[in-house]
Amino acid sequence: MRFFLAKSDPVEYSIQDLERDGVTDWTGVRNAQAQQAIRAMQNGDCVICYHSQGEAAIVGWGYVEGEVFPDGAEPKWSVFRYRFGGRLARPVTLAEIKASGLFADFALVRQSRLSTMAVPVEFVTWLKKQARDFRPA
DNA sequence: GCCAACGTTGGC
DNA sequence: GCCAACGTTGGC
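Position 98 of the first sequence, counting from 1, maps to 124 under my numbering, and the rest follow consecutively.
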């Protein structure tokens, strides 16, 4: 299993919405680099959920369900099906991630506007220490 | 609310 | 094909 991260503006669609829905199609990503991350996803991969805008924090996780597929309306763009995994009791903020000093090269820190990205394994290890309830299956 | 980063558009 | 102008996103 590999790890990715998907941002969402919680006003539009939050981890609570994902928990309620159980599963949702992650559409609307219209950026070449972000699309590259989506196309690299495989069934069962873990996708960390991050709230942007006011919150700027990791709030939970989920899983890629099935294969990545083309957007029905605009097939040149890829979509993944996102299944809820869990919520963190305490969000891990971007400020903490930056303050750790360990992840200056991570796209989350380096490219604030990128909305989906691959996550380095060292970050996953660190995150598990920060959030004991982060337990991807 | 402001600003930096950066993607997109359109004139040339 | 270049580049300025503009729009959008997200951190603060």
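Ideal Cβ placement from N, Cα and C applies to all residues, glycine included.
Item	Value
Return yes when the Cβ of residue 29 is within less than 7 Å of the Cβ of residue 63, no when it is not.	no
What are the partner residues of residue 74, as DSSP defines its beta bridges?	31 and 87
Can you confirm whether the stretch 47 to 55 touches the stretch 97 to 114 when touching is taken to mean that 3 or more C-beta pairs between the two stretches lie within less than 8 Å?	yes
Which of helix, strand or coil does DSSP assign to residue 131?	coil
Please list, in chain order, all residues of the same chain as residue 103 whose beta carbon is under 6 Å from its beta carbon, the five residues on each side excluded.	97
Using 8 Å as the Cβ pair cut-off and three pairs as the minimum, do the stretch 34 to 50 and the stretch 71 to 80 touch?	yes
Keeping to the same chain, check which residues put their C-beta closer than 7 Å to that of residue 146; ignore five residues upstream and five downstream.	132
Let me confirm a value: residue 111 is counted as buried when at least 16 other C-beta atoms fall within 10 Å, else exposed. Which label applies?	buried
Residue 160: which of 65, 72, 42 and 60 sits nearest, CA to CA?	72
So residue 150 is in the beta strand (DSSP E); what residue range does that whole segment cover?	From DSSP, residue 150 is part of no beta strand (DSSP E) but of the alpha helix (DSSP H) over 147 to 156.
Can residue 151 and residue 60 be called in contact, C-beta distance under 7 Å?	no
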